[in-house]
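> Structure in structure tokens, see below.
In my numbering, the protein residues as written are 7 to 248.
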């Protein structure tokens, strides 16, 4: 008696569907067009347990695909970052000077340092790379000595152990002695409403593990005015004096 291959395939398709496989998974397993599978399964009714199993498999598959996409994206980002990093071969003294001006300009806008022309240069960040850069900029461009640079740490923790860790961290990052970080200010945690933008703010705060470090330059109102002049020069170059 000849074997009805098509009938056997249809039965196998129905069995796979009842086991919780999706149309795509069945098609991939048996190399059958999705349209054929849809036709064969049109009148097939699943039990509640089978539908639940199918739903669970979809969730698992979605998570697996999401994880694969994240890994793939992370790899692409890393490749692009590495390729882009090679574009920076050398930074000239002039480029270094301009980078510091732009960074301080951004700092003024972000933290509204309008009084620095009278009170002196201040720079605040939780990013160790920016702190290292600006300290080097102050010493090379501003020709400042270590004794002219002061520090303040801002943290939301009153725990002495955490504060000591913060001081040790910023001491290592900056190359300054731990004694230079005696001034610690406690910032109260602000309670936000449960909105998306505020949740993002809380996530950003959590990432600043060692608090914020403020760099202050002793008796530096003249340097602040000089930087302001450089900023004006950049503005005039691109947008005119008007």
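Where is the CB? At the ideal position from N, CA and C, for every residue including glycine.
Note that this is a predicted model, so its numbers are computed, not measured.
1) Throw me the rounded Cβ distance for the residue 153 and residue 230 pair, which I believe falls under 8 Å.
2) Measure the CB-CB distance between residue 147 and residue 103 and report whether it falls below 8 Å.
3) Classify residue 34 as buried or exposed, calling it buried when 16 or more other Cβ atoms lie within 10 Å of its own Cβ.
4) Sorted by chain position, which residues of the same chain lie with C-beta nearer than 8 Å to residue 62's C-beta, five sequence neighbours on each side aside?
5) DSSP three-state call for residue 216: helix, strand or coil?
6) What span of residues does the alpha helix (DSSP H) with residue 158 cover, start to end?
7) Among the residues of its own chain, which have a CB less than 6 Å from the CB of residue 113, if the five just before and after it don't count?
8) Spell out the partners DSSP gives residue 4 in its beta bridges.
9) So what does residue 130 bridge to, in DSSP terms?
10) I think residue 15 touches residue 38, with their Cβ atoms under 8 Å apart; what is that distance to the nearest whole Å?
11) For the region 91-143, which segments carrying the alpha helix (DSSP H) assignment without a break, of at least 4 residues, lie completely within its bounds, in sequence order?
12) Residue 64: buried (16+ other C-beta within 10 angstroms of its C-beta) or exposed?
13) At the level of alpha carbons, what is the spacing between residue 160 and residue 92?
If we stick to the structure as given:
1) Rounded, the Cβ-Cβ distance is 19 Å, inconsistent with contact.
2) yes
3) exposed
4) 26
5) coil
6) Here residue 158 belongs to no alpha helix (DSSP H); instead the beta strand (DSSP E) covers 155-161.
7) 129
8) Because the chain is modelled from 7 through 248, residue 4 falls outside the range shown and cannot be assessed.
9) 220
10) 7 Å
11) 99-117, 122-125
12) exposed
13) 35 Å
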